[in-house]
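Student: Just so we're aligned: the sequence shown equals residues 83 to 686 in our numbering. The C-beta atom is built at its ideal place from N, Cα and C for all residues, glycine as well. There's a structure below that I have some questions on.
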Amino acid sequence: MEILIEDPITTCLSPSVYDMICKLGFEARENCDISSIVTQNGEVCWTTITDCVVYTESAQGLDYGGSVRLLGPVCQAVHLHLSSLTKGQFETRYSPGLQWTGVPELFPEMFDALGSLQSLAISLSLMKLTSCLERALADVYLLIGKECPFLLRDLIASEALAQVFGQSVMDVLKVFVGSPCGLNLRNVLWHGFAAPQEIPPKYCSMMILLTAGLGQLLKGYLQQTKFTLARRPFVTLTSLEDLIVFPDVTYEVLSVLEEVMKKSTFILKIMLPYWEVALINFKSNRFADCAILLLVQLETGLRKVFATVNKCPRRLLTAESTALYTTFDEILAKHLNDGKINQLPLFLGEPAMEFLWDFLNHQEGPRLRDRLSHGEISLPEFPKEAANQLLAFSFVLLLRFIDEDLLSVFKEKAAVRALVSVAEAYGARCHPVSQLKKQVLSCERSIGVWPLLPLPEGSEREAQRSEGNSEINACHSLITEIVAELCHHVPETHRVPHDSEHLPPENIKLLSPMLSLILLLIALELVNIHVVLGKNTSEYQQYLRFLKSILQYTENLAAYTSQDKNKWDEAVNLTQAALLKIWTFSEKKQMLIHLAKKSTSKVV
C-alpha cells in the first residue's frame, strides 16, 4: 500500500478561497426584489447586476471581495426565483436566451439539478455550464477577433467581447468565472478543489441567468450589426481506436470498484461522492458525465500523491491569486517549478505516466480534460470507449493505494487481474516517437506494394534503355552499400535476408529502394534516439542539418515527381546527391547508431 498525506482532509480550498466562495456572498442579509433583476418575460435587468460590481479606488481594477458581498443577495433572489418556477415556465422564459450557446438542451437538466437539491449534481451542472459558456463566448469573439484566446479568463478580458456585451457585463463575469481573485467557479471545480457541498447552489442559478442574459444582449448586437453567429463544429475523437487497450468494464469489476473506492487512500473522503456518482453515470450510459467526474477526481488524487512524494503538503490546497494552482500541467511535468525533479513520474512508473500523457497531454491524443472543460466535445456523443478506458485505468490506480491483504483478495478475480496486466504493460501511443513509428511502418507497407503496380505499355523497352544510365547504376550501388552498412546495426533477431541484387533500373522503381533505405535509417535512428544527449552542441547542430537535408530531399522529390512537373531525370539527380550525403555522414560515424555502439562499447 502506498502511503499518502493523512486523511481526513476537510477542504482543499485555502482559507481565503474558502471565505470567498462559502462566506462572503452570505454576509449581506438584505432581501433583493426579483423584479429589479429579471422581468416577467425573462428579460435580464443588467443595471441591477452591474451596479453590484465594486471597483478599486484607482478604478484600475475590481474589488472582488466587495463585489461578491454585494452580489450575494442578488444571487439568492435569482436562486429562489428559479426554484419557484416549473420546468415549463423555465423553458418558456429562458430557453430563447440560451439558444446562442448551441446546447440549449443542457439547461433543463441543470434546472432539474437545482430542484433536486443534490450538491454534486449542481456542481456537475456548473462544470458543464462553464464549458459550454466558454465555447459560446469564443464563437462570439470570432465575430470580431481572429485568434481566440485559449483560456476563459483571457476570453472574458478581451476587448472583442467587451465590444459585444459591454465592459460592465464582462466585469460581472470576471467576478464569477474570470479571475483567480474572484469566485473562480470554473477553475475551482474543473481542477478538483471543491467538494460537492462547498459550491453554493445560488451561484449555479446565477450563472444560468447570466448566460440567458448574455444571449439577450447578443441578439440585440446581431440585429444592430447584421452579423451572423457561426458556431464551430465539435471535435471528433478520431485517435481513440489506437488507445483502446482495456477490456470492457463489467458489472463484476464495477462491484469490486465500489468496494475499492471506500478503501483506497488515493481518494479524499470529502471527494468520495464524485466517484460514486461517476459510477452511477457509467451504468446509466451518461459517459460524458462519468468522464468529467473521473478526470476531475484523478487530478485531485494525483495532486495528493504529488504533494506527498514531493514533500509539499500545502500544494494540495488551492493557491492564492498570487500563485499558480497545482494542476495536471505541473503534476505530470518532469520538473517542478523550482527546477527539481518531480518525484511523481518516478513513483507512478512509466506505464501509468504514458497513459496519462496519452489521454491528457500529447497533441496527437484525445486530450480529454482540455476538450471537455473547454466545451469542444458534444456531451451526448461522448464515446463509451473513452469513459471505459478512464474508468479501467482509475480502477487499477486505486488498487495501488489499498491494503496488501485486501489487494490479494481482489486479485483473485480474473477480470481484475486482466485489467492490472494491461495497465502494467501499457506503452505510449500518442507520443511523437510512437507517432513516427506508426508513420514509418505505414510508409514501408506502402512502398512494399510498389512492385505490384501495373506498368504502362513500352515500360520494358524503357527499362532496357535505362540499364546503361550511369547515374541510376551509381544510385543502385550506393543504396546497396549503405543498406549493407545499416544492416550491421539491426539486432540479429530482427534481420531478414535482404536481396540487393537485380534492383529494377526504371526511374520509378529506383525510388522504392531509396525510400525504403530512408525508412530503415529513420527506424534505426529512432531506436537509438535516447543517445542524442551524448552529442555536444556542434555535433547536435550537424546532426540536425543532416536530418533537414533528408527532409528537403523528400520534399523536393515529391515536387519533382508530381503530375504537374513529372521531372524524373531531375529526381534521379536529387537521389544521387542525397545518397552521397547519407554515405558521407555514415562514413564519418556521426549517426546515432554509431554513437549508441560507442556507448555500448564503453559499458562493456
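Only counting runs of 4 or more residues, tell me where the alpha helix (DSSP H) segments fall wholly within the stretch 115-177, in order along the chain.
Tutor: 128-132 and 146-166, all fully within the stretch 115-177.
Student: By the DSSP assignment, the alpha helix (DSSP H) with ASN470 in it spans what residues?
Tutor: Locating residue 470 in the sequence shown gives position 388, counting from the first residue. Here the alpha helix (DSSP H) through ASN470 covers 466-481.
Student: For HIS676, which three-state DSSP category applies?
Tutor: Locating residue 676 in the sequence shown gives position 594, where the first residue counts as 1. HIS676 falls in the helix class under three-state DSSP.
Student: Helix, strand or coil for GLY184, going by three-state DSSP, please let me know.
Tutor: Within the sequence shown, numbered from 1, the residue matching residue 184 stands at position 102. Reduced to three states, the DSSP call for GLY184 is coil.
Student: For ASP371, count the other beta carbons within 10 Å of its own beta carbon; 16 or more makes it buried, fewer makes it exposed. Which is it?
Tutor: Taking the first residue of the sequence shown as 1, we reach residue 371 at position 289. The residue in question, ASP371, is buried, as its Cβ has 16 or more Cβ neighbours within 10 Å.
Student: Look at the alpha carbon of SER460 and the alpha carbon of LEU674, and state the distance between them as a whole number of angstroms.
Tutor: By 1-based counting over the sequence shown, the position of residue 460 is 378. By 1-based counting over the sequence shown, the position of residue 674 is 592. Between SER460 and LEU674, the C-alpha separation is close to 45 Å.
Student: If you draw a straight line from the alpha carbon of ILE374 to that of SER117, how long is it in whole angstroms?
Tutor: Numbered from its first residue, the sequence shown carries residue 374 at position 292. Numbered from its first residue, the sequence shown carries residue 117 at position 35. Cα to Cα, the separation comes out at about 36 Å.
Student: Going by other Cβ atoms of all chains shown within 10 Å of its Cβ, with 16 needed for buried, is TYR622 buried or exposed?
Tutor: Counting from 1 along the sequence shown, the entry for residue 622 is found at position 540. TYR622 comes out exposed.
Student: Please classify HIS417 as buried or exposed, where buried requires at least 16 other C-beta atoms within 10 Å of its C-beta.
Tutor: As a working note, residue 417 is residue 335 in the sequence shown. Its Cβ having fewer than 16 others within 10 Å, HIS417 is exposed.
Student: Based on the DSSP output, what are the partners of HIS456 in its beta bridges?
Tutor: Indexing the sequence shown from 1 puts residue 456 at position 374. HIS456 is not bridged to any residue.
Student: With DSSP as the reference, label HIS612 as helix, strand or coil.
Tutor: Against the sequence shown, residue 612 aligns to sequence position 530. Helix.
Student: By the DSSP assignment, the alpha helix (DSSP H) with ALA110 in it spans what residues?
Tutor: Working through the sequence shown from its first residue, we reach residue 110 at position 28. Note, ALA110: premise wrong, no alpha helix (DSSP H); not H, not E.
Student: How about PRO329 and VAL515: do their beta carbons lie closer than 9 Å?
Tutor: For the purposes of this step, residue 329 is taken as residue 247 along the sequence shown, with counting starting at 1. For the purposes of this step, residue 515 is taken as residue 433 along the sequence shown, with counting starting at 1. Taking 9 Å as the Cβ cut-off, PRO329 and VAL515 do not qualify as a contacting pair.
Student: Buried or exposed: where does HIS612 fall if 16 or more other Cβ atoms within 10 Å of its Cβ makes it buried?
Tutor: Here residue 612 refers to the residue found at position 530 of the sequence shown. Classification for HIS612: exposed.
Student: Do you know offhand how far LEU662's Cα is from ASP440's?
Tutor: Position 580 of the sequence shown, counted from the start, is the residue given in the question as residue 662. Position 358 of the sequence shown, counted from the start, is the residue given in the question as residue 440. The straight-line gap from Cα to Cα measures roughly 39 Å.
Student: Do TYR223 and CYS214 have their beta-carbon atoms positioned less than 9 Å apart in this structure?
Tutor: Taking the sequence shown and counting its residues from 1, one reaches residue 214 at position 132. Taking the sequence shown and counting its residues from 1, one reaches residue 223 at position 141. No, Cβ-Cβ distance for CYS214 and TYR223 is not below 9 Å.
Student: Looking at the structure shown, is SER582 part of a helix, part of a strand, or coil, going by DSSP?
Tutor: Here residue 582 corresponds to residue number 500 of the sequence shown, with the count starting at 1. Any reading at SER582 must be qualified, since the residue scores a pLDDT of 37, below 50, and its modelled position is unreliable; the value itself is stated next. In the structure shown, SER582 sits in coil (DSSP, three-state: anything other than H, G, I, E or B).
Student: Does DSSP put ILE423 in a helix, a strand or coil?
Tutor: Numbered from its first residue, the sequence shown carries residue 423 at position 341. If DSSP states are grouped into helix, strand and coil, ILE423 belongs with the strands.
Student: Are the beta-carbon atoms belonging to PRO282 and PHE172 less than 9 Å from one another?
Tutor: As a first step, residue 282 must be located in the sequence shown, where it is residue number 200. As a first step, residue 172 must be located in the sequence shown, where it is residue number 90. No.
Student: In chain order, what residues of the same chain lie with their CB nearer than 8 Å to the CB of PRO155, ignoring the 5 residues before and after it?
Tutor: Here residue 155 refers to the residue found at position 73 when the sequence shown is read from its first residue. Within the same chain, PRO155 has close Cβ partners ALA110, ARG111, GLU112, ASN113 and CYS114.
Student: Could you tell me how far apart the beta carbons of PHE193 and LYS169 are, in whole angstroms, since I believe they sit closer than 8 Å?
Tutor: Taking the first residue of the sequence shown as 1, we reach residue 193 at position 111. Taking the first residue of the sequence shown as 1, we reach residue 169 at position 87. So it is a contact: roughly 6 Å between Cβ atoms.
Student: Sorted by chain position, which residues of the same chain lie with C-beta nearer than 6 Å to TYR303's C-beta, five sequence neighbours on each side aside?
Tutor: By one-based count along the sequence shown, residue 303 stands at place 221. Excluding positions up to five away in sequence, the list reads VAL246.
Student: Looking at C-alpha atoms only, which residue of GLU467, ARG396 and GLY383 is the closest neighbour of LEU430?
Tutor: Taking the sequence shown and counting its residues from 1, the one referred to as residue 430 is at position 348. Checked all of GLU467, ARG396 and GLY383; the closest Cα to LEU430 is GLY383.
Student: Counting C-beta neighbours from all protein chains within 10 Å, is the total for PRO315 16 or more, i.e. buried, or is it exposed?
Tutor: Here residue 315 refers to the residue found at position 233 when the sequence shown is read from its first residue. The residue is exposed, with fewer than 16 neighbouring Cβ atoms inside 10 Å.
Student: How would you write the range of the alpha helix (DSSP H) that ALA294 sits in, first residue to last?
Tutor: The sequence position of residue 294 within the sequence shown is 212, counting from 1. First-last of the alpha helix (DSSP H) with ALA294: 283-307.
Student: Based on Cα-Cα distance, which residue from GLU191, ASP253 and LEU144 lies nearest to THR129?
Tutor: Mapped onto the sequence shown, residue 129 falls at position 47. Closest option to THR129, Cα to Cα, is ASP253.
Student: Can you check which of these residues, ASP420, LEU199, GLN158 and VAL502, is closest to LEU480 by C-alpha distance?
Tutor: For this step, residue 480 is matched to residue 398 along the sequence shown. Per the Cα distances, VAL502.
Student: What is the residue span of the alpha helix (DSSP H) that GLY383 lies within?
Tutor: Within the sequence shown, the letter at position 301 stands for residue 383. 369-391 is the span of the alpha helix (DSSP H), which, as asked, contains GLY383.
Student: Out of PRO462, LEU376, ASP487 and SER524, state which residue places its alpha-carbon closest to the alpha-carbon of ASN470.
Tutor: Here residue 470 refers to the residue found at position 388 when the sequence shown is read from its first residue. Nearest of PRO462, LEU376, ASP487 and SER524 to ASN470, Cα basis: LEU376.
Student: If I'm right that VAL335 touches LEU299 with Cβ under 8 Å, what's the distance once you round it to whole angstroms?
Tutor: Residue mapping note: residue 335 aligns to position 253 of the sequence shown, counting from 1. Residue mapping note: residue 299 aligns to position 217 of the sequence shown, counting from 1. Contact flag wrong, Cβ pair sits at about 49 Å.
Student: Using the C-alpha atoms, what's the distance from PRO355 back to ASN363?
Tutor: In the sequence shown, the residue the question calls residue 363 occupies position 281. In the sequence shown, the residue the question calls residue 355 occupies position 273. Spanning the two alpha carbons is a distance of roughly 12 Å.
Student: Select from LYS228, LEU164 and TYR285 the residue whose C-alpha is nearest the C-alpha of LEU206.
Tutor: Your numbering for residue 206 matches position 124 in the sequence shown. Looking at the Cα atoms, TYR285 is the closest of the given residues.
Student: Spatial neighbours of PHE483 within its chain, please: CB distance less than 6 Å, with the 5 preceding and 5 following residues excluded, ordered by chain position.
Tutor: Walking along the sequence shown from the start, residue 483 turns up at place 401. Closer than 6 Å at the Cβ level, and outside the excluded window around PHE483, lie GLU84, SER346, THR347 and PHE348.
Student: Which term fits ARG449, buried or exposed, when burial requires 16 or more other beta carbons within 10 angstroms of its beta carbon?
Tutor: The residue labelled residue 449 in the question sits at position 367 within the sequence shown. Flag for ARG449 reads buried.
Student: According to DSSP, what are the bridge partners of HIS417?
Tutor: In the sequence shown, the residue the question calls residue 417 occupies position 335. According to DSSP, HIS417 bridges with ILE423.
Student: Start and end of the alpha helix (DSSP H) containing CYS214?
Tutor: For the purposes of this step, residue 214 is identified with residue 132 of the sequence shown, where counting begins at 1. Note, CYS214: alpha helix (DSSP H), 201-223.
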